[in-house]
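Visitor: Take a look at this one; I'll ask things after.
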Amino acid sequence: MYRILKDLDRRWIFLAMFLAVAIPVLARLVFPEVVSKQAKMVFDAIDDLPDGSNILLAFDFDPASQGELLPMAQAFTRHCSIKGHKQYYMALWPLGSPMVDLSIDTIEDEYPDMVYGEDYMKFSYKAGGEAVIRMIMQDLRGMFPLDSKGTQLDDIPMTKNIKNIQDMDLIINVSAGDPGTKQWVQFAATPFGITTVSGCTGVQAPQMYPYIPEQLAGVLGAIKAAAEYEAAIDEVYPSIAANKKAQEAKRRMGPQLVAHSMMIVFILVGNWIFFVARKRGEA
Amino acid sequence: MKRTVPLAIAIVAGFVLLVANFIPYAEDWSLTAQEWFNILAVGAMLLGGGNLIKLHLMKISSKKAGWGYSAVTILCFFLVIVVGLLQMGVHPSPNYPDFAWSGYVLEEGSGLWWIYAHMVVPLTSTMFAMLAFYVATAAFRAFRAKNTEATLLLVTAGIVLLGRTYAGVWLFEGWLPESMQWLRFDNLTVWIMEIPNTAGTRAITIGIALGVVATSLRILLGIDRSYLGQD
């Protein structure tokens, strides 16, 4: 057994990982979620705002992170929509704009009463990263005289009275890197005291924890936290709980559980091989 | 001259931003500097594009290993530029119907949207998804408890891996007394993230910040000129 495992072709490991992901996806395995403190903090930051508050949703990620971050981004959209918050969408990544479009599609499909320009709007992509954030904190029109459809901000009901991003009640940033949450914390949340929550990749999450609770009101780290956030929304809003499309992060936790368990098995078996080899003087 | 002018620009821009941050009268200077920065950022994108073409053309002309990939890169680069600039398949914005170029470049059905939806999305998603396979082989072949530090890291990784799934709760369901619930892997994961991780990350962040301050000062005072390159 030792010899077989020691010389195991890595393609068997690839196959095992493929099955660990594919089977739960095909079997539609879904597990219950316990809402963590962080997910509750993010939920409360949005839910406690008076209906119709101004919320900036900055989606700084691209298709590479779509699998990890899109369910969370759409959960934010649904939560803001059901609360009737005014949603201002923005993307600082060149390929982030279509991510915003997917959330806007969610609004158009599931909340047809919401009107573009009155309940939600989108700014187009601008190059410059953190410099864009610094600029719009002082002067929105200096950077975005028009929305993504080419309409003057003064002609859009929900932007005509917005001077800069200091007029927002909350910033929601979904981030996969730079520019992302770190820059929104440094140049928006901290200097201007705007409540900010973040949804980020699992790799980024540990770097965001030091900002809690003063500079960030909460962090959702990767798909697990997104599933918890969905569960928190489901507890309060039965209409979202009944929407199958709104359970995407929870659905992705099935493959994650099996794949993580598989990783633990790989680590244990790999270490068993290592110790046996060391005992035999082969390591 | 080649070094003095960029050096002077860097020093002046640095001091303007510094002063603007501390003196309310000079706040607008920072806005002007940022407008300039945004214009320069667009210029930098052009320079970046030019550099990419130059490097790959050199690789092709010298027939270096993998030059075929460079050819594909250049082909795709120009394809995207042409499709994007000519706004192929993009309809004019309803606000400006007489202006052919006023539409949204990634409008569904446009040429650039097609490239995005059928090439960029599947390719980048595939690259990201392949990480799962590489991490799996790394788990089997490289994550070894060779010493105390490595063992600690492995145990922590195991707890977090399980704590980030329902297994972290399910393993302890029904037998762990209420007073010991903190031992559940999901709760231990939260503790690991909030206490040791936050302490370590904060220390590193403060260290980096101090390093950035020191380096910035060296640049502002013209002591550190390494960013100007070798020429």
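Chains as they are written, first to last, in this note's numbering: chain A, 1 to 283; chain B, 1001 to 1231. For every residue, glycine included, the Cβ atom is placed at its ideal position computed from N, Cα and C.
Mind pulling the chain B residues with CB within less than 7 Å of residue 128 of chain A?
Guide: For this step, residue 128 of chain A is matched to residue 128 along the first sequence. Correct list: 1037, 1038 and 1041.
Visitor: I believe residue 1068 of chain B touches residue 1089 of chain B by the beta-carbon criterion, under 8 Å. Please report the beta-carbon distance rounded to the nearest angstrom.
Guide: Along the second sequence, read from residue 1 onward, the residue named residue 1068 of chain B stands at position 68. Along the second sequence, read from residue 1 onward, the residue named residue 1089 of chain B stands at position 89. Their Cβ separation, rounded to whole angstroms, is 29 Å, which puts residue 1068 of chain B and residue 1089 of chain B out of contact at 8 Å.
Visitor: Residues bridged to residue 90 of chain A by DSSP?
Guide: Counting from one through the first sequence, the residue named residue 90 of chain A turns up at place 90. In DSSP, residue 90 of chain A forms a bridge with A:58.
Visitor: Report back the beta-carbon spacing between residue 58 of chain A and residue 92 of chain A to the nearest angstrom; my notes put them in contact at under 8 Å.
Guide: Translated into the one-based positions of the first sequence, residue 58 of chain A becomes position 58. Translated into the one-based positions of the first sequence, residue 92 of chain A becomes position 92. With 8 Å as the limit, residue 58 of chain A and residue 92 of chain A qualify as a contact, their Cβ atoms being about 7 Å apart.
Visitor: Quick check on the DSSP output: the alpha helix (DSSP H) that includes residue 140 of chain A runs from which residue to which?
Guide: Working through the first sequence from its first residue, we reach residue 140 of chain A at position 140. From DSSP, the alpha helix (DSSP H) with residue 140 of chain A extends over 140-143.
Visitor: With 16 as the cutoff for other CB atoms within 10 Å, does residue 260 of chain A come out buried or exposed?
Guide: As a position in the first sequence, residue 260 of chain A is number 260, starting the count at 1. The residue in question, residue 260 of chain A, is buried, as its Cβ has 16 or more Cβ neighbours within 10 Å.
Visitor: Cβ of residue 1125 of chain B less than 8 Å from any chain A Cβ?
Guide: In the second sequence, counting from the first residue as 1, residue 1125 of chain B sits at position 125. It does; some Cβ of chain A falls within 8 Å.
Visitor: I want to verify the contact list: residues of chain A whose CB lies under 7 Å from the CB of residue 1010 of chain B, in sequence order.
Guide: As a working note, residue 1010 of chain B is residue 10 in the second sequence. None at all; the shortest Cβ gap to chain A is about 16 Å.
Visitor: If contact means a Cβ-Cβ distance below 8 Å, which residues of the stretch 1172-1198 of chain B contact chain A?
Guide: Residues passing the 8 Å Cβ filter: 1186, 1190, 1193, 1194, 1197 and 1198.
Visitor: Could you list which residues in chain A have their beta carbon closer than 8 Å to that of residue 1088 of chain B, in chain order?
Guide: Locating residue 1088 of chain B in the second sequence gives position 88, counting from the first residue. Chain A residues near residue 1088 of chain B: none, gap ~17 Å exceeds 8 Å.
Visitor: Taking the alpha-carbon positions, what's the residue 1002 of chain B to residue 1228 of chain B distance?
Guide: For the purposes of this step, residue 1002 of chain B is taken as the residue at position 2 of the second sequence. For the purposes of this step, residue 1228 of chain B is taken as the residue at position 228 of the second sequence. Near 9 Å, if we compare the C-alpha coordinates of residue 1228 of chain B and residue 1002 of chain B.
Visitor: Flag this pair as touching only if the stretch 58-67 of chain A and the stretch 1109-1125 of chain B have three or more C-beta atom pairs under 8 Å; answer yes or no.
Guide: Yes, the stretch 58-67 of chain A is in contact with the stretch 1109-1125 of chain B.
Visitor: Counting only beta-carbon atoms, is residue 120 of chain A nearer than 8 Å to chain B?
Guide: Indexing the first sequence from 1 puts residue 120 of chain A at position 120. Not one chain B Cβ lies under 8 Å of residue 120 of chain A.
Visitor: Kindly indicate which three-state DSSP category residue 1057 of chain B falls into: helix, strand or coil?
Guide: Working through the second sequence from its first residue, we reach residue 1057 of chain B at position 57. Three-state DSSP puts residue 1057 of chain B in a helix.
Visitor: Given a threshold of 16 other Cβ atoms within 10 Å of its Cβ, counted over all protein chains shown, does residue 1196 of chain B qualify as buried or as exposed?
Guide: By 1-based counting over the second sequence, the position of residue 1196 of chain B is 196. Residue 1196 of chain B is exposed by the Cβ-count criterion.
Visitor: Using only alpha-carbon positions, find the residue among A:267, A:219, A:82 and A:225 that is nearest to residue 180 of chain A.
Guide: Here residue 180 of chain A is taken as the residue at index 180 of the first sequence, counted from 1. Among A:267, A:219, A:82 and A:225, the Cα nearest to that of residue 180 of chain A belongs to A:219.
Visitor: Let me know if residue 1022 of chain B comes out buried or exposed under the rule of 16 or more other beta-carbons within 10 Å of its beta-carbon.
Guide: In the second sequence, counting from the first residue as 1, residue 1022 of chain B sits at position 22. It is exposed - the Cβ of residue 1022 of chain B has fewer than 16 other Cβ atoms within 10 Å.
Visitor: Would you call the CB atoms of residue 248 of chain A and residue 33 of chain A closer than 8 Å?
Guide: As a position in the first sequence, residue 248 of chain A is number 248, starting the count at 1. As a position in the first sequence, residue 33 of chain A is number 33, starting the count at 1. No.
Visitor: Could you tell me which chain A residues have their CB closer than 7 Å to the CB of residue 1133 of chain B, listed as they occur along the chain?
Guide: The residue labelled residue 1133 of chain B in the question sits at position 133 within the second sequence. Within 7 Å Cβ-Cβ: 14 and 17.
Visitor: Out of A:130, A:27 and A:46, point me to the one whose CA is closest to residue 1035 of chain B's CA.
Guide: Along the second sequence, read from residue 1 onward, the residue named residue 1035 of chain B stands at position 35. Of the listed residues, the one whose Cα sits closest to residue 1035 of chain B is A:130.
Visitor: How about residue 1041 of chain B and residue 1017 of chain B: are their beta carbons less than 8 Å apart?
Guide: Counting from one through the second sequence, the residue named residue 1041 of chain B turns up at place 41. Counting from one through the second sequence, the residue named residue 1017 of chain B turns up at place 17. Cβ distance not < 8 Å, so residue 1041 of chain B and residue 1017 of chain B don't count as in contact.
Visitor: Give the DSSP-derived three-state secondary structure of residue 199 of chain A in the structure shown.
Guide: Walking along the first sequence from the start, residue 199 of chain A turns up at place 199. DSSP places residue 199 of chain A in strand when its eight states are reduced to three.
Visitor: Per DSSP, which one or two residues make a beta bridge with residue 173 of chain A?
Guide: For the purposes of this step, residue 173 of chain A is identified with residue 173 of the first sequence, where counting begins at 1. According to DSSP, residue 173 of chain A bridges with A:58 and A:198.
Visitor: Starting from residue 1158 of chain B, find everything on chain A with Cβ-Cβ shorter than 8 Å and list it in chain order.
Guide: By one-based count along the second sequence, residue 1158 of chain B stands at place 158. In chain order: 264 and 267.
Visitor: Using a beta-carbon distance cut-off of less than 7 Å, what residues from the stretch 1136-1160 of chain B approach chain A?
Guide: Listed by position along the chain: 1136, 1137, 1139, 1140, 1141, 1143, 1144, 1145, 1154 and 1158.
Visitor: Would residue 1027 of chain B be called buried (16 or more neighbouring beta carbons within 10 Å of its own) or exposed?
Guide: As a working note, residue 1027 of chain B is residue 27 in the second sequence. So residue 1027 of chain B ends up on the exposed side.
Visitor: Among A:81, A:55 and A:241, whose alpha-carbon lies nearest the alpha-carbon of residue 194 of chain A?
Guide: Within the first sequence, residue 194 of chain A is the residue found at index 194, counting from 1. The shortest Cα separation from residue 194 of chain A among A:81, A:55 and A:241 belongs to A:55.
Visitor: Would you mind stating whether residue 253 of chain A and residue 1166 of chain B have Cβ atoms separated by less than 8 Å?
Guide: By one-based count along the first sequence, residue 253 of chain A stands at place 253. By one-based count along the second sequence, residue 1166 of chain B stands at place 166. Taking 8 Å as the Cβ cut-off, residue 253 of chain A and residue 1166 of chain B qualify as a contacting pair.
Visitor: Going by DSSP in three states, residue 149 of chain A sits in which element: helix, strand or coil?
Guide: In the first sequence, residue 149 of chain A corresponds to position 149, counting from 1. Residue state, collapsed to three classes: coil.
Visitor: Flag residue 59 of chain A as yes if its beta-carbon sits less than 8 Å from any beta-carbon of chain B, otherwise no.
Guide: Stepping through the first sequence from its first residue, residue 59 of chain A is reached at position 59. Chain B, which has no Cβ nearer than 8 Å to the Cβ of residue 59 of chain A, makes this no.
Visitor: Does residue 1062 of chain B come within less than 8 Å of chain A when only Cβ atoms are used?
Guide: Counted from its first residue, the second sequence places residue 1062 of chain B at position 62. Not one chain A Cβ lies under 8 Å of residue 1062 of chain B.
Visitor: Give a yes or no on whether 8 Å exceeds the smallest Cβ distance from residue 31 of chain A to chain B.
Guide: Here residue 31 of chain A refers to the residue found at position 31 of the first sequence. Yes - at least one Cβ of chain B is within 8 Å of the one on residue 31 of chain A.
Visitor: Strictly under 8 Å for the Cβ-Cβ distance: is residue 1003 of chain B near chain A by that measure?
Guide: Indexing the second sequence from 1 puts residue 1003 of chain B at position 3. No, residue 1003 of chain B lies away from the interface with chain A (no Cβ there is under 8 Å from its Cβ).
Visitor: Does residue 182 of chain A pass the burial test, meaning 16 or more other C-beta atoms within 10 Å, or should it be called exposed?
Guide: Counting from one through the first sequence, the residue named residue 182 of chain A turns up at place 182. So residue 182 of chain A counts as buried.
Visitor: With a cut-off of 8 Å on the beta carbons, I'd call residue 69 of chain A and residue 199 of chain A a contact; round off their distance for me.
Guide: Position 69 of the first sequence, counted from the start, is the residue given in the question as residue 69 of chain A. Position 199 of the first sequence, counted from the start, is the residue given in the question as residue 199 of chain A. Contact flag correct, Cβ pair sits at about 6 Å.
Visitor: Apply the 10 Å Cβ neighbour rule to residue 1218 of chain B and answer buried if 16 or more other Cβ atoms are within range, or exposed otherwise.
Guide: Numbered from 1 along the second sequence, position 218 holds the residue referred to as residue 1218 of chain B. Exposed: under 16 other Cβ atoms inside 10 Å.
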